[in-house]
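Colleague:
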Amino acid sequence: MKAKKLLAMVLALVTALAVIPVTASATAVKPISSADQLVELMSTPEMWSGAYYLTADIDLTGKTQSPIGSAEEHFTGYFDGMGHSITGLNLSGEKHQGLFGWVHNAEIKNFSVSGTVTASTTSSRGNGGVVGVVSGNTLIENVTASVSVTSGAQAVGGLAGYVFPYSTGTVNIVNCHSDGTAKGTFGVGGLIGILTAGRETNTTNPVTDGTVNVIGCSASGTVNYVSATGNYYAQSGGLIGQISYFNSDDFVINVVDCTNSAKVLSASADGADKGRVGGIVGWISSGNASIKVVENNGAINIVSCSNTVDLNARAGLGGIVGVASISDSASYELNVVGCTNTGTMSTTAGGYDSGIVGWIEGGDVTITACKNSGNVVATKTSSNSFAGGILGYASLVSGAAGLTLEVSNSANYGAVSGTGYYVGGVVGTLQDGVHTVSNCANYGNVTADRAVGGIIGFAQRATASTKWKITLGNSFNAGTIYGPTKLIGSIIGYPHASFPLTASDCYYLAGSAKQGSTVQNAVGHATAGSVTTDAAGYNSMTSGFIAAGVVTPMLNGEPSSGAWEQGTTYPELTALKNTAEAKVETGIYGISLSVGTDLSFNAIATLAEGVDPASTKVVFTYADETYEAEAVENGLMYKYTLKAIAPQSMTELITVDLYVDDVLVDSARQSVRGYCENLIDAESTSEAVKQLAKDILAYGAAAQEYRSFNLDSLANVDISGISDFEELDNSVYAASSVAGTAVDGVKFNSVGVRFDYTNRVFFTFTAPSADGITVLVNGNEAEITPYGSSYIVYSDDISATDYNDNVVAVLKAGDTVVQTVTYSVASFIYEMQNDMDGEELSSAAKLARALYNYGCSAVAAAAE
Numbered sequence: 001m002k003a004k005k006l007l008a009m010v011l012a013l014v015t016a017l018a019v020i021p022v023t024a025s026a027t028a029v030k031p032i033s034s035a036d037q038l039v040e041l042m043s044t045p046e047m048w049s050g051a052y053y054l055t056a057d058i059d060l061t062g063k064t065q066s067p068i069g070s071a072e073e074h075f076t077g078y079f080d081g082m083g084h085s086i087t088g089l090n091l092s093g094e095k096h097q098g099l100f101g102w103v104h105n106a107e108i109k110n111f112s113v114s115g116t117v118t119a120s121t122t123s124s125r126g127n128g129g130v131v132g133v134v135s136g137n138t139l140i141e142n143v144t145a146s147v148s149v150t151s152g153a154q155a156v157g158g159l160a161g162y163v164f165p166y167s168t169g170t171v172n173i174v175n176c177h178s179d180g181t182a183k184g185t186f187g188v189g190g191l192i193g194i195l196t197a198g199r200e201t202n203t204t205n206p207v208t209d210g211t212v213n214v215i216g217c218s219a220s221g222t223v224n225y226v227s228a229t230g231n232y233y234a235q236s237g238g239l240i241g242q243i244s245y246f247n248s249d250d251f252v253i254n255v256v257d258c259t260n261s262a263k264v265l266s267a268s269a270d271g272a273d274k275g276r277v278g279g280i281v282g283w284i285s286s287g288n289a290s291i292k293v294v295e296n297n298g299a300i301n302i303v304s305c306s307n308t309v310d311l312n313a314r315a316g317l318g319g320i321v322g323v324a325s326i327s328d329s330a331s332y333e334l335n336v337v338g339c340t341n342t343g344t345m346s347t348t349a350g351g352y353d354s355g356i357v358g359w360i361e362g363g364d365v366t367i368t369a370c371k372n373s374g375n376v377v378a379t380k381t382s383s384n385s386f387a388g389g390i391l392g393y394a395s396l397v398s399g400a401a402g403l404t405l406e407v408s409n410s411a412n413y414g415a416v417s418g419t420g421y422y423v424g425g426v427v428g429t430l431q432d433g434v435h436t437v438s439n440c441a442n443y444g445n446v447t448a449d450r451a452v453g454g455i456i457g458f459a460q461r462a463t464a465s466t467k468w469k470i471t472l473g474n475s476f477n478a479g480t481i482y483g484p485t486k487l488i489g490s491i492i493g494y495p496h497a498s499f500p501l502t503a504s505d506c507y508y509l510a511g512s513a514k515q516g517s518t519v520q521n522a523v524g525h526a527t528a529g530s531v532t533t534d535a536a537g538y539n540s541m542t543s544g545f546i547a548a549g550v551v552t553p554m555l556n557g558e559p560s561s562g563a564w565e566q567g568t569t570y571p572e573l574t575a576l577k578n579t580a581e582a583k584v585e586t587g588i589y590g591i592s593l594s595v596g597t598d599l600s601f602n603a604i605a606t607l608a609e610g611v612d613p614a615s616t617k618v619v620f621t622y623a624d625e626t627y628e629a630e631a632v633e634n635g636l637m638y639k640y641t642l643k644a645i646a647p648q649s650m651t652e653l654i655t656v657d658l659y660v661d662d663v664l665v666d667s668a669r670q671s672v673r674g675y676c677e678n679l680i681d682a683e684s685t686s687e688a689v690k691q692l693a694k695d696i697l698a699y700g701a702a703a704q705e706y707r708s709f710n711l712d713s714l715a716n717v718d719i720s721g722i723s724d725f726e727e728l729d730n731s732v733y734a735a736s737s738v739a740g741t742a743v744d745g746v747k748f749n750s751v752g753v754r755f756d757y758t759n760r761v762f763f764t765f766t767a768p769s770a771d772g773i774t775v776l777v778n779g780n781e782a783e784i785t786p787y788g789s790s791y792i793v794y795s796d797d798i799s800a801t802d803y804n805d806n807v808v809a810v811l812k813a814g815d816t817v818v819q820t821v822t823y824s825v826a827s828f829i830y831e832m833q834n835d836m837d838g839e840e841l842s843s844a845a846k847l848a849r850a851l852y853n854y855g856c857s858a859v860a861a862a863a864e
C-alpha cells in the first residue's frame, strides 16, 4: 500500500534516476511461441505489416521456409525477439534471401539467428543472414547473425545484404553482430554487403537524401569474395563491403564504434588476391560521376572504429577503409575519426596499402586521432608501392578549390615496408590537392627502395594548378627510415619540386634515416650518398634532448596547442593518450532520466583531456524533430538534456549524437520505456527506484489510452490501476474550492489539469473582454490566452513530487477581486479516481490513478 501523503516531506525539485548503459527496448503486440507460428508469418504477406514478439526460442529445422517480406510486398511491421534465438534457418531462392527478405519502415530487434541462406541468381543483389534488403525508416537493433550466406551476385552481408534509406529516410543498425560467413561476387561484408545513399538515376534535381547509422556493431566471421578470373576488385570489407552514393544532394552515413575481427578472403577463381579491401569498409564510391547538382553536402563519418585482424589484397587495402573513390564533381566529406588498426595489412601486387585508409581519390577528407600499430607490407611487381601507416595514397584531382585532405593527431607504431617506391611512416604518397599534415607521429620502422620518409614518402603535383599545396607541421619521427638507393628522409623522402610544400616545427631523432650506410636528414636527396641540408621547419634532436622533454613544447607551439605531451621516451599525442586501442576518449557513457516538473532525458558523456566542453553539443532526434543541448558539468562527466518528454511518447526512440567541433564522435539510441525496463531489470536498482520506473511506464500507458496516441506500444504494461491504488478521500485531498461571486459577467467557469510534456493546473474564466482583467496564480500575474469563448491561464509546471501543493488563482477586474479558486493535481485525482465508462473505469480515471502512483513513487525515490 502506498503512502497517501504526497507532500509530507521537503524534497528536492528533481529526482535523478541512476545512469545505466544505453540499450533500447520496446514491446510487440502479437506473440510467436512456436516454429509453426513463425512459418505462418513467413508465408503470409497479409501479416507483414503487423507487430510481433517471440516468447520462446524457435527451431526451424525441417520446416518449409521463405523470407518474411519481398520486393513486391515489404515487411513494414515490428519484430521483437525479446532475447530469444532462431535456429535452423534454411533458405534458398533466387533473390532477396534472409530471415526477412525486404524490410521497409520496419523495426527488428533483440534476437539471434543461425543457419544458412543461399541465393541462386547471379543478377539480383541483396542477400543477408537476417535481412536481404533494408530500406526506408528502419531500425535493426541487438541482433546477432551466425548464418552462412552464399550468393552469385553482389551485395551480400552476414547481417544485411543491401541497405538504402530512400529519400529523407533513416536506417539505424545498432549493436548488431555477425559471426557467420558471407560469400558473393563483390560488395561483400561481414555485417553489410552494400550500403547506399541517394538514387541510382541521374537527375538535375535529386531530392534530399537520407541517413544511415551503423552504431556499436561488430563482425567476427569470414568474408569470402568469389569472382571469376580477371576481375581485379573484390570490394569487400570485414564490416561493410561497399558504401556508395548516387545523385545525392544531402546525405549522411555514420559508422560509429564498430569493430572488425572477421577474416576477409579476397582471392578469386584465378587464385590472385583482388583489391579494394578494408577492415571496416572495402570501397567507398561515387556511383555516378556525372552528378549535376551544383552544391552537394553529403558526408560519410567513420568514428571510433577498429580492425584487429590481418588482411591481404592485391591493391587498395586499409585496416579501416580500403579505397575511397569520391566524386570530383561535388563536395562530399569523408571523416575518419578516432579509428585504430592492429592487424597486418599486406598487398601482393598493386600497393596502395595502409593501416587506416589505403587509397583516396577526390573529395574533402579528414583523418584525425587515428592510430595504427599493425605492420603494413606492400609487395609490388612494379616500382610504386604507395604505402603508409595511416594513409597509403591520396590524389585530390578535383578542380574545386575547397576540396582538401587533412591528416592530423594521428600516429603510426607499426613497421611499414615496400618492395618499390613511395612509402611513408604516416602517409605514403600525396598528389594533386590541398593537403595538410599536422600533429602526426611515426615510431615504426619504414623501409623501401626509394622515396621513403618518416612522415611522408612522396609528394608530387601531377597536374598543373596554382592551388595545389602541402602544409606540414608539428610532426615527429622517431622510427628508423631506410632505403638502399636514394630519396630517404627522416620527415619526407621525395618532395617533388613542382609541388609547393611549407614545413614548420617538424622534429626527428638524429640519425634515424639512412640511405645505405649514409645518415640522412629530414628530406631525402636525389643523389645516392648525398645529404640534403635541413631547411627551416625541420629540426634534428638527439635522443637525450627528446627524452628530457625538450621537443614536446616545441611541437605544441606558442601558445601551446596541447596536442602533445611528454611520454616515457618520446613526445606522444594527447588525442591518443591512455587508449590501449587508441579509441577517442570522448563518448557517451550512458543515459539517465530526471523526474521533476517534466521527464527529462539526459545523455551523460565523458570528454577527453583537452576537449573544451563549449566545443561539444548533443543533437537529440525525437519524434521527427531535432534538439540541440549544451554541456553541463555533472561531476567528472558532462550532461546534455532533452527536456519535456510527453508521457504518451515514452516508446519513441531518441537518437543521441555527440559532436565535438561539429564532428560526430559518438551516437546512442534509447527510449524512456527502454531505459525504465533496463532499470527495473538491473540488480543494483533499489526497490523504490524500480517502483518509480514501473509507475512511469504505467503513467505512460494510461496517457496513451487517455489521448488515443501510440496505442498498443505499451500494451503489456499493467495500468489496471490499480490494484496498488488506495482511494483518496476528501479529508486528505480537498476538491476545488471557490470563493467570491461573479461580477458583470466576469467569473471562473472551469478548472483542471493539463497533461502533456509538463503538468500544469489551468483555470478558465468568462469576461466580456480581457481588458482590465488580471489573474494572479500563486501570487504571480499569469498570461491570459483566448480559449474558445472564454479565457485560460496556467500555473507553472508542477513537479511529480508536488501534486498535493495547492495552486491559488485570483481573478481581478481592475482592482476588484472577483473570485479565488484553490486547486491541485491531487484535487483532479480525487475527482476523477472513480470516473466510470460504462462498467469500467474511464481512461481519465486510469490516468488519475496512474498519476497518483507516479507521484507517490517519486516522493519515495527522492527520499531514498
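Quick note on the numbering used here: the sequence shown kicks off at 1 and runs consecutively. We treat Cβ as the ideally placed atom computed from N, Cα and C, and that holds for glycine. None of the values given here were measured: they were computed from a predicted structure.
1. How many angstroms separate the CA atom of residue 797 from the CA atom of residue 807?
2. Going by beta-carbon coordinates alone, are residue 332 and residue 359 separated by less than 8 Å?
3. Do residue 421 and residue 384 count as a contact pair if the criterion is CB distance below 8 Å?
4. How do the region 342 to 358 and the region 310 to 324 stand: do at least 3 beta-carbon pairs fall below 8 Å, yes or no?
5. Where do the N-terminal and C-terminal ends of the beta strand (DSSP E) with residue 115 fall, by residue?
6. Taking the straight line between their C-alpha atoms, what separation do you get for residue 766 and residue 77?
7. Among 750, 812, 706, which one has its Cα closest to the Cα of residue 846?
8. Using a threshold of 7 Å, is the CB atom of residue 224 nearer than that to any non-hydrogen atom of the ligand HEM?
9. Residues in the same chain with beta-carbon distance under 7 Å from residue 842, minus the five sequence neighbours each way, listed in chain order, please.
10. When we look at the beta-carbon of residue 660 and count the other beta-carbons within 10 Å, is it buried (16 or more) or exposed?
11. Is it the case that the Cβ atoms of residue 588 and residue 603 are separated by a distance below 8 Å?
12. In three-state terms, what does DSSP make of residue 679?
13. Would you kindly report the start and end of the unbroken beta strand (DSSP E) that includes residue 622?
14. According to DSSP, which residues form a beta bridge with residue 252?
15. How should residue 651 be labelled, buried or exposed, when 16 other C-beta atoms within 10 angstroms of its C-beta is the threshold for buried?
16. What ranges does the beta strand (DSSP E) occupy inside the region 628 to 688, keeping only unbroken runs of at least 3 residues that lie completely in it?
17. So, for residue 861: in the same chain, excluding its five sequence neighbours on each side, which residues have a beta-carbon less than 7 Å away from its beta-carbon?
18. State the Cα-Cα distance for the pair residue 430 and residue 369, rounded to the nearest angstrom.
19. Going by C-alpha to C-alpha distance, which of 537, 50, 458 sits closest to residue 105?
20. What are the boundary residues of the alpha helix (DSSP H) that residue 935 is part of?
21. Taking the CB atoms as reference points, tell me whether residue 493 and residue 537 lie closer together than 8 Å.
22. Roughly how many whole angstroms lie between the Cα atoms of residue 547 and residue 342?
23. Could you tell me the alpha carbon to alpha carbon distance between residue 881 and residue 69, rounded to whole angstroms?
24. Roughly how far, in whole angstroms, is the beta-carbon of residue 525 from the beta-carbon of residue 487, given that I think they are within contact range, below 8 Å?
25. Could you tell me the boundaries of the beta strand (DSSP E) in which residue 349 lies?
26. Ends of the alpha helix (DSSP H) at residue 831?
27. My output table needs one value for residue 856: the three-state DSSP class, helix, strand or coil.
28. Considering just the uninterrupted stretch of the alpha helix (DSSP H) at residue 555, what are its terminal residues?
29. Let's see if you can read the secondary structure: which residues bound the beta strand (DSSP E) around residue 547?
30. Within this structure, are the beta carbons of residue 829 and residue 809 separated by less than 8 Å?
31. Please determine, among 520, 410, 89, the residue with the shortest C-alpha to C-alpha distance to residue 930.
32. Taking all protein chains shown into account, decide if residue 322 is buried (16 or more other Cβ within 10 angstroms of its Cβ) or exposed.
33. Beta carbon of residue 520, beta carbon of residue 479: below 8 Å?
34. Looking only at its own chain, which residues have a Cβ that is under 7 Å from the Cβ of residue 613, when we skip the five neighbours before and after it?
35. Under the DSSP definition of a beta bridge, which residues are partnered with residue 515?
36. What does the alpha-carbon distance come out to for the pair residue 611 and residue 473?
Modeller: Result, derived from the coordinates:
1. 11 Å
2. no
3. yes
4. yes
5. 107 to 119
6. 48 Å
7. 706
8. This structure does not include the ligand HEM; it has no bound ligands of any sort.
9. 835, 836
10. buried
11. yes
12. helix
13. 616 to 622
14. 211, 299
15. buried
16. 632 to 634, 637 to 642, 654 to 660, 663 to 670
17. 15, 688, 689, 692
18. 19 Å
19. 50
20. Residue 935 is absent from the structure shown; the chain starts at 1 and stops at 864.
21. no
22. 26 Å
23. The chain is shown from 1 up to 864; residue 881 falls before or after that span and cannot be answered.
24. 7 Å
25. 345 to 354
26. 825 to 832
27. helix
28. 551 to 556
29. No beta strand (DSSP E) holds residue 547; the alpha helix (DSSP H) holding it covers 543 to 547.
30. no
31. A query on residue 930 cannot be resolved here, the shown segment of the chain reaching from 1 to 864 and no further.
32. buried
33. no
34. 607, 631, 638
35. 483, 518
36. 21 Å
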